[in-house]
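Colleague:
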Amino acid sequence: MGMAAEVSTSTEATSGLVSWVWRDESATITLNQLLPDQVRAFFQGRGFSAEQSERVARHCVFQMIVRNEAQATTPMDIALDEWRVISADTTIGIPRTASDWDQEWGRLSVGQGPRIAFRWALFPASQQFQPGDWNMGMLTLAVPAGATFDLQAVWHSGAELQDATIDDLRCAEDR
Amino acid sequence: MLPHYRRGVLLLLVAALPLLAGAATPQQTLTPLLPRPEAPGFTLVDMDGVTYRLAELRGRPVIVNFWATWCPPCRDELPSMQRAWLTFRDQGVAMVAINVGEDEETIFPFTANYPVEFPLLLDRDGTVVGQWPVRGLPSTFIVDPQGRVAYQAIGGREWDDPELMRQVLALREPK
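Taken in order, these protein sequences are the chains called R and G.
Add 1 to the 1-based position in the first sequence for my numbering, that's all there is to it.
Add 1286 to the 1-based position in the second sequence for my numbering, that's all there is to it.
(1) Where DSSP assigns a beta bridge to E7/R, which residues make up the other side?
(2) Roughly how many whole angstroms lie between the Cα atoms of E1342/G and E1390/G?
(3) In whole angstroms, give me the CA-to-CA distance for F1394/G and L1408/G.
(4) Give the interface partners of A118/R over in chain G, defined as CB-CB distance under 9 angstroms, in chain order.
(5) Can you give me the C-alpha to C-alpha distance between T98/R and F124/R, rounded to a whole angstrom?
(6) Would you identify the three-state DSSP class for W84/R, choosing helix, strand or coil?
(7) What residues match up with N1385/G in a beta bridge as DSSP calls it?
(8) Going residue by residue through the stretch 118 to 151 of chain R, where are the continuous beta strand (DSSP E) segments of at least 3 residues, counting only ones entirely within it?
(9) What are the residues of the stretch 1400 to 1423 of chain G that lie near chain R, defined by any Cβ-Cβ distance shorter than 7 angstroms?
(10) Express the C-alpha separation of V1415/G and A1310/G in angstroms, rounding to a whole number.
(11) Starting from the beta carbon of I1428/G, find every residue of chain R whose beta carbon is closer than 7 angstroms, and list them in chain order.
(12) With 9 angstroms set as the bound, which would you pick, yes or no: does the beta-carbon of P125/R sit closer than that to a beta-carbon of chain G?
(13) For P1395/G, which residues in chain R fall below 8 angstroms Cβ to Cβ?
(14) With a cut-off of 8 angstroms, do at least 3 Cβ pairs link the stretch 150 to 160 of chain R to the stretch 72 to 88 of chain R?
(15) Expressed to the nearest angstrom, what Euclidean distance is found between the alpha-carbon atoms of P132/R and Q1314/G?
(16) Interface residues of chain G around F130/R at Cβ under 9 angstroms?
(17) Thinking just about the alpha-carbon of each residue, which of P1424/G, Q1438/G and E1324/G is nearest to the one in F1352/G?
(18) For the stretch 131 to 143 of chain R, which residues have a CB atom closer than 9 angstroms to at least one CB atom of chain G, in sequence order?
(19) If the cut is a Cβ gap below 9 angstroms, which residues of chain R does P1359/G touch?
(20) I'd like the list of long-range same chain contacts for D25/R, defined as Cβ closer than 6 angstroms, with 5 residues on each side in sequence excluded.
(21) Under the assumption that I117/R contacts G1412/G (Cβ atoms under 8 angstroms), give the Cβ distance between them as a whole number of angstroms.
Now the structure itself:
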């Protein structure tokens, strides 16, 4: 009998930011709230203008960590376009991917340096994790600050499709 | 534009993201690649303008790490890479860390807090990282003495772990 999936939350004492951790015996998914001002500061520090970084800050941004915890050799394949943002039992969106953002940066003539930083700061649109592998990156969702929603995460373990739903995720307030 | 004092606080919060990450304890796995593909190679300069070519490191295992200063798990693993370098550099192992998308003006002050002695190479336009199978930072590849990728590690590791480095050192033996 495997370990049942569990979700835990914690609040960082200094910032008041909330983290959610979903885990079972095969995987861990951590979502850390980011303040819109943290997002603005991060991207302005990477060469984006205030107006350009505001476009990201208007999204709900989490710092996400995904880890393959499996003891066997089964890889974990993630494709963010299979993930769903759900509110009131209705799918309201999927995560925005780096290539989607890059088209926007292209239209705005954003420089190469900021675009490289952005591409690598975002969680990859698709990635394979071997046991022990993990990655951290920003997850951008077209959901307003302070909103609450459920996130259905999906991945493939070999031929098996697995999913995890994290209920009542909350975007950080714009404070 | 954010006020200066507020930006300072926010940059501290952004710097504290590893603390928010919490669960990011590295697991000490290297994933073998079978058959071993030919490493894509690189010709890059370090901060002093010295040119490094992967082909010139043939004949010994090479640890090729991709990183950025703003990437929390990249920063976390640099001290263990430095310890591994001090321990194993005289045992026929080479190590390079390829910075993705940043310049000397960013990296040089960073090294005051993260002093390392192995080469930090500059991939300013992201050309080299695009030629390797990198999806997120940090990613590390172990190239065997024949110039083939023997192992990969996605996400940070403790590189001075003797068990992990045993696999790297074993590549010195002819196969």
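All C-beta atoms in this analysis are idealised placements derived from N, C-alpha and C, irrespective of residue type, glycine included.
The model shown is predicted, which means the values in this text are computed figures rather than measured ones.
Modeller: From the atom records:
(1) R24/R
(2) 24 angstroms
(3) 11 angstroms
(4) A1354, W1356, V1386, G1387 and E1388
(5) 8 angstroms
(6) coil
(7) W1353/G and L1408/G
(8) 127 to 130 and 135 to 142
(9) D1411, G1412, R1421, G1422 and L1423
(10) Confidence in A1310/G is poor, its pLDDT being 45 and thus under 50, which makes the residue's placement too unreliable to answer from.
(11) Result: empty, since nearest Cβ-Cβ is about 14 angstroms, beyond 7 angstroms.
(12) yes
(13) Going along chain R, no residue has its Cβ under 8 angstroms from P1395/G, so there is no contact; the nearest lies around 13 angstroms.
(14) yes
(15) 10 angstroms
(16) I1440 and G1441
(17) P1424/G
(18) Q131, P132, G133, D134, W135, N136, M137 and G138
(19) I66, W135, N136 and M137
(20) M4 and A6
(21) 5 angstroms
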